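Numbering-wise (my numbering), the sequence shown opens with residue 49 and increments by one. Here's the structure we're looking at; comments come further down.
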Amino acid sequence: MGWNRPMGYLSRYVGLVALSVISLCAIPMSASAQVTIQNSQVKASMDILGGLTVQDVHSTTAVTILKATAITLRVDGGPAGGGSDYAFGSAVGTFTLAPSVSSGHILARWSINGITGSNLPPIELALDISLVGDMVAIKFTTINGIPDVVPAVPGTASHSVGIKFAQNFSSAVVGANDGPVYLSNGGRITGDTTLTGSLIPDSWRNTDATLEFTAGGALRPTPGIVGFINPDLLIFGSAASLMAEVWDHTSPAPPGIDFAANATDAAAAVFWNPRPLVPGEQRDFMTYFGRQHATQSYSDPWGASVDTLARLIYDVSKPVGNRIQPNPFAVNATVTNNRGITLTNVTAVISLPSGLALATGETSSKNAGSVNPGAEGKFSWNVVPTNTSSGRQTISVSFSAGPGTQGKVITRQIDIPSLPSLTVAGGLSMFSVPYILDDGTPSVALGLNPSDFNLLAWNNLLNVYEAVSRIQLGKGYWLQVTTGKTINLQGAHPYTQLSAPFELKLTRGWQQFGTPFLFDVRWGDVLVVSSNGSDPNSLTPLTIDQAVQAGLILPTIYRYVQGIGYVFDQDLSTELVPFQAYWVRSLQDNVSLLIPPPGGRSAKVNRSVVNSTSSTNDWTIRLIASGKGSVDGGNILGVKTGSNDGYDLKDFQKPPAISGSVGLTFVRPEWGSRAAGYAQDIQAANGGRKVWNVVVTSPTPNADVTVSWPEIARVPRNYELTITDIASGTKSLMRQSTNMRVNTGSNASRAFQIVAEPRSGASSLFIRGSVSASGSRAQVARISVTGSVEATYTIKIRSSAGTVVRNLTSGRAATANTEVSYLWDGKDNRGTSLPSGIYQVVVTGTTPDGQ
Numbered sequence: 049m050g051w052n053r054p055m056g057y058l059s060r061y062v063g064l065v066a067l068s069v070i071s072l073c074a075i076p077m078s079a080s081a082q083v084t085i086q087n088s089q090v091k092a093s094m095d096i097l098g099g100l101t102v103q104d105v106h107s108t109t110a111v112t113i114l115k116a117t118a119i120t121l122r123v124d125g126g127p128a129g130g131g132s133d134y135a136f137g138s139a140v141g142t143f144t145l146a147p148s149v150s151s152g153h154i155l156a157r158w159s160i161n162g163i164t165g166s167n168l169p170p171i172e173l174a175l176d177i178s179l180v181g182d183m184v185a186i187k188f189t190t191i192n193g194i195p196d197v198v199p200a201v202p203g204t205a206s207h208s209v210g211i212k213f214a215q216n217f218s219s220a221v222v223g224a225n226d227g228p229v230y231l232s233n234g235g236r237i238t239g240d241t242t243l244t245g246s247l248i249p250d251s252w253r254n255t256d257a258t259l260e261f262t263a264g265g266a267l268r269p270t271p272g273i274v275g276f277i278n279p280d281l282l283i284f285g286s287a288a289s290l291m292a293e294v295w296d297h298t299s300p301a302p303p304g305i306d307f308a309a310n311a312t313d314a315a316a317a318v319f320w321n322p323r324p325l326v327p328g329e330q331r332d333f334m335t336y337f338g339r340q341h342a343t344q345s346y347s348d349p350w351g352a353s354v355d356t357l358a359r360l361i362y363d364v365s366k367p368v369g370n371r372i373q374p375n376p377f378a379v380n381a382t383v384t385n386n387r388g389i390t391l392t393n394v395t396a397v398i399s400l401p402s403g404l405a406l407a408t409g410e411t412s413s414k415n416a417g418s419v420n421p422g423a424e425g426k427f428s429w430n431v432v433p434t435n436t437s438s439g440r441q442t443i444s445v446s447f448s449a450g451p452g453t454q455g456k457v458i459t460r461q462i463d464i465p466s467l468p469s470l471t472v473a474g475g476l477s478m479f480s481v482p483y484i485l486d487d488g489t490p491s492v493a494l495g496l497n498p499s500d501f502n503l504l505a506w507n508n509l510l511n512v513y514e515a516v517s518r519i520q521l522g523k524g525y526w527l528q529v530t531t532g533k534t535i536n537l538q539g540a541h542p543y544t545q546l547s548a549p550f551e552l553k554l555t556r557g558w559q560q561f562g563t564p565f566l567f568d569v570r571w572g573d574v575l576v577v578s579s580n581g582s583d584p585n586s587l588t589p590l591t592i593d594q595a596v597q598a599g600l601i602l603p604t605i606y607r608y609v610q611g612i613g614y615v616f617d618q619d620l621s622t623e624l625v626p627f628q629a630y631w632v633r634s635l636q637d638n639v640s641l642l643i644p645p646p647g648g649r650s651a652k653v654n655r656s657v658v659n660s661t662s663s664t665n666d667w668t669i670r671l672i673a674s675g676k677g678s679v680d681g682g683n684i685l686g687v688k689t690g691s692n693d694g695y696d697l698k699d700f701q702k703p704p705a706i707s708g709s710v711g712l713t714f715v716r717p718e719w720g721s722r723a724a725g726y727a728q729d730i731q732a733a734n735g736g737r738k739v740w741n742v743v744v745t746s747p748t749p750n751a752d753v754t755v756s757w758p759e760i761a762r763v764p765r766n767y768e769l770t771i772t773d774i775a776s777g778t779k780s781l782m783r784q785s786t787n788m789r790v791n792t793g794s795n796a797s798r799a800f801q802i803v804a805e806p807r808s809g810a811s812s813l814f815i816r817g818s819v820s821a822s823g824s825r826a827q828v829a830r831i832s833v834t835g836s837v838e839a840t841y842t843i844k845i846r847s848s849a850g851t852v853v854r855n856l857t858s859g860r861a862a863t864a865n866t867e868v869s870y871l872w873d874g875k876d877n878r879g880t881s882l883p884s885g886i887y888q889v890v891v892t893g894t895t896p897d898g899q
C-alpha cells in the first residue's frame, strides 16, 4: 500500500483549499469554515479540514504563533510494513464529527474507513482541543473501529497506529527569526535536529531577549499525568520539509538551515510510534502548544497556571532603594474548568519569597467564586520588590476548589537582578563584579578600607598570584577579608549591551572569570571562538562540547566553597552566578568565551559534557585533605565504564593551588601534553590493578595534615585499596581506617600511592601456618601465620574435647605474604596453666572486605 495524501492536504498547507476536496468530506453544509476557542492568553482555531492555528492574544495585538499543522496517521507500519500513511482531514476519509465547539472545547472526529464499500482499515482519530492558561491542550485519540457510524463498523482485526503532529510555529515577536529554540534540558536548537528517547525535553520555546515574548510546546507535563504517553521522536527543521513530508524525515545536506541566523521558516514535529490496537480499543495522546510563558499544571481535576515577568531589571535612573523595576508588577493566575461540572469556591493563595512583597492593599488570598465548564477563573496580585534580595526566587500559588477538597500548588521562578551590594563571609572567596565601575581601584570600587581586604588575581604567564590594581568586568579574583563585610559598590553601572554576547578573551592556561550580567547564565549557553588563523574553526563560534573536542578549552569549570575547597562543575546546567568567580583553562592563545545575555531560560538540565554509561563495576570515592583552618575536599578517584587508564574527558585538571590552604592533587607526569595535577582521576573499569599517585601540600613546612576517605564503603568488595607513604614505606589498608594523619616535612609536601587491587581467584585469602616450641620452656608455643592478602588474624586454642580455652588476636591487619608470629604461654583465658596434652590451634583470617 502507499501513502494516501490528496492534493487537498498540500493545498491547505499553502493556503489554497480545493473545493473538490471539501466536497469529498462528509461535513454538513451548515458547518462553519472555522471554529474558535479563546481565553485571556491564547486563541485556538480549527478550519473545516482540521488545520489548527494558535494566536497569542494576551496583548492588544494578536500574534499568530502556530500558523499551520499537519497530522499523519501511520497504520500497520506504513508503506514499508505493508500498511499506509493517512493525512488527517484528507479526502480518503470523512469527518464523522466536523470541527465544532462544545463547553469550551474544539472537537473533531475523522474516519479513514468512511466511504461506502471501502476496504480501508476502520481507524478513526478524534481531536479534543482545550485551553489551559496560555497553552492549547491537544488530545489525539486513536480508535480501532468506528462505533459512532450508523450502521456501526466495529473493528474486526488488530491494527497498529502512530501519529505525526507537525507544527509550523512562528516567533511571538513579529518579524523575528523562528530561532533559536531553547530546550528545557539545556539544549539550544538553531537548525535541523532530531531528538529521541531521553533527549526529548519536557518543553521547548523560542523567545526574545526580554524573555517576555515566547512561543513553544510542552511535551512532558510536570507534574505528570496518569497514563500520559511520552513522544518517541521530536524533530526541528524547515517548515517546507516537515510540513510536506509524510512521516520519515530527510535531513538537509551540510551546512543545512539556521533558523536563528536567518528568516528560515521553522517547524517542529512530534511523533508517537505505532502502537497496537485490538478491535474496539482506543488510546489517548496529549501534547501542548502556546505562549509557553506561564507555569502550568495540566493534570486533573482542573488546569491551573501562574504567570509573571521572567525577570526584573535594575534601573540606575531610579532613586537608590527603588532601582529594581517594574515596581509594582503583576502576578497572574488562572484556573481552567475543563470538567463537566461547575467548580465552586475557587480560591488562590500566593506566597512570596525574600525580596518580594505584596503591594499596599493587596491580600494574599483571593476568591474567583464559581467557574462554569469551559470557563476560566482569574486572579491577579500587585507585587513590589523590596530591594533586599536578588537571584532566582520562587513564587508559590496554592489553588483550591469545590466540590470536595480539590487543590494543587504551582511554583513560578522569577529572576531578581543582583544588587550592587552584597555581604561576604570572612576568609577566602572567589569573586567577580558584574558591574561597570567608574573607578576600578579595589578600595574605591568596593568601598572598603585597604587594610580590611586583599584582592588577588592569577597571572598565568608567570604562574603567580598578584595584587589587583583595577577591577574589570568579566574577570575573576580571590577576595580575602578578615571578618564578614558588606560591600557597597561605588560608581557601578549595569552592562546594558544585551543584543550580543560579551566577549572575554583568554590566553593559554588557567583564568578566573565571572558573568558580566546581573542574572544567572547557563555555562552550556556560552560559546567559544578561536581567532587563530591556522585553526580550521577560526572565527566560528563553537558550543562548549565542540570547543572541548576541538582542543580549545577543558570541559570543567571550578568554583570555591568555604569548608570544601574547589568544587568542579562538568554539567552544562551549571549556572554562572553574579559575583561568583570560576576557573576555566584555555588550551590555546587567542581564544574567547562568548557569554550570552541571560535568555532562553527553561527548566532543569540533565545533560553533561561527557556522556557516559555506568555499570556495577563503576565506583568513585573522595579524598579530603584538611589542615589548620583549610580543607581541600573536591578530589575524586575511581573507575568507570568507558574510561581508560590514560587521560580522557573524565579526568579533570586542577586549577592553581588556593593560597594559604592545604591541597591534595593526583599527579600524572607521564601523560605527555596532558601532564598536570588532577582533581579527578578516573580509570578503566576493567577489573585490573589501578594506581594513583597523590601529593599533599601545606602552606607552611612541617604542618600536620589529615587525609581522609569517608566513602570507602562505596568500593565493591572485589577491590582492596591500600595507601602507601612513599617516604616511610608505611602501607595501610584503607578499609581499616577512614583517615591518616601526616606531617608535610621541610618541603611542605608529602607523596602517597593508592593502589586498588582486584580480589578474585589468586587474590583470595589463603593462610599458611606452623606451630613450634619457643624458648626454654616446652609449654610455650610460637604460632607463625602467613596470608596471601592483607588480613586480621584471630587464634583460638581448643582442648582435645573441642572447648575453646584461649583466644589470641593481633588487633591489627597484617600485610600480604608477611609472616606474623603469636606466642601462647600454655595458659587459658583466666591465666591458669593448662595440663599437658594435645591442643588444637585454629587460625581465622578476615580481610577488610569480609573474606
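All residues carry an ideal CB built from backbone N, CA and C; glycine is no exception. Since we're looking at a predicted model, the values are computed, not measured.
Per DSSP, the bridge partner or partners of residue i
i: residue 315; result: 285
i: residue 515; result: 504
i: residue 548; result: Looking at the DSSP assignment, residue 548 forms no beta bridge with any residue, so it has no partner.
i: residue 101; result: 93
i: residue 625; result: Looking at the DSSP assignment, residue 625 forms no beta bridge with any residue, so it has no partner.
i: residue 805; result: 768
i: residue 706; result: None; residue 706 has no bridge partner.
i: residue 640; result: 553 and 577
i: residue 352; result: 345 and 383
Expected contact under 8 Å - CB spacing of residue i and residue j to nearest Å
i: residue 733; j: residue 776; result: Wrong, their Cβ atoms sit about 32 Å apart, outside the cutoff.
i: residue 752; j: residue 675; result: 7 Å
i: residue 673; j: residue 755; result: 6 Å
i: residue 710; j: residue 746; result: 5 Å
i: residue 307; j: residue 369; result: Actually they do not touch by this definition, with Cβ atoms about 44 Å apart.
i: residue 750; j: residue 791; result: 6 Å
i: residue 141; j: residue 160; result: 5 Å
i: residue 588; j: residue 605; result: About 22 Å; that fails the 8 Å criterion.
8 Å Cβ shell around residue i - same chain, five flanking residues per side excluded
i: residue 421; result: 151, 152, 385, 386, 387, 388, 389 and 390
i: residue 635; result: 556, 599, 600, 601 and 602
Nonlocal neighbours in the same chain, by C-beta distance under 6 Å from residue i, ignoring five residues either side
i: residue 445; result: 354, 381, 396, 398 and 458
i: residue 213; result: 119 and 318
i: residue 713; result: 702, 725 and 743
Residue interval of the alpha helix (DSSP H) (run including residue i)
i: residue 214; result: No alpha helix (DSSP H) contains residue 214, which is instead part of the beta strand (DSSP E) from 207 to 217.
i: residue 739; result: No alpha helix (DSSP H) holds residue 739; the beta strand (DSSP E) holding it covers 738 to 745.
i: residue 494; result: 490 to 494
i: residue 837; result: Premise fails: residue 837 is in no alpha helix (DSSP H) and is neither H nor E.
i: residue 595; result: 592 to 597
Residue i: first and last residue of the uninterrupted beta strand (DSSP E) it sits in
i: residue 147; result: 142 to 150
i: residue 111; result: 111 to 123
i: residue 629; result: Looking at the DSSP string, residue 629 is not in any beta strand (DSSP E), and its letter there is neither H nor E.
i: residue 381; result: 377 to 384
i: residue 221; result: Run containing residue 221: none; DSSP gives neither H nor E here.
i: residue 263; result: 262 to 266
i: residue 252; result: 251 to 255
Same chain, Cβ closer than 7 Å to residue i, five either side skipped, listed in chain order
i: residue 126; result: 132, 133 and 295
i: residue 763; result: 667, 669 and 769
i: residue 516; result: 490, 503, 504, 505 and 525
i: residue 500; result: 529, 530 and 533
| query | Is there contact between the segment 633 to 649 and the segment 591 to 611, where contact requires at least three CB pairs shorter than 8 Å? | reply | Touching, per the Cβ criterion.
| Are there three or more Cβ pairs, one per stretch, closer than 8 Å when the segment 432 to 450 is compared with the segment 475 to 491? | Contact between the segment 432 to 450 and the segment 475 to 491 is absent, because fewer than three Cβ pairs lie under 8 Å.
| Three-pair Cβ contact test at 8 Å for the segment 529 to 546 versus the segment 567 to 575 | At 8 Å Cβ cutoff, the stretches do not touch.
| query | Would you say the segment 556 to 563 touches the segment 519 to 530, given that touching needs at least three Cβ pairs under 8 Å? | reply | The segment 556 to 563 vs the segment 519 to 530: in contact.
| query | Are the segment 827 to 841 and the segment 717 to 726 touching by the rule of at least three beta carbon pairs closer than 8 Å? | reply | No contact exists between the segment 827 to 841 and the segment 717 to 726.
| Contact between the segment 424 to 437 and the segment 482 to 490 (3+ Cβ pairs under 8 Å) | Taking one beta carbon from each stretch, the segment 424 to 437 and the segment 482 to 490 have fewer than 3 pairs nearer than 8 Å; the two do not touch.
| message | Taking 8 Å as the cut-off, does the segment 231 to 244 touch the segment 343 to 351 (at least 3 CB pairs, one atom from each stretch)? | response | Not touching, per the Cβ criterion.
| query | Per the contact definition of three or more C-beta pairs closer than 8 Å, is the segment 245 to 253 in contact with the segment 321 to 332? | reply | Segments in contact, no.
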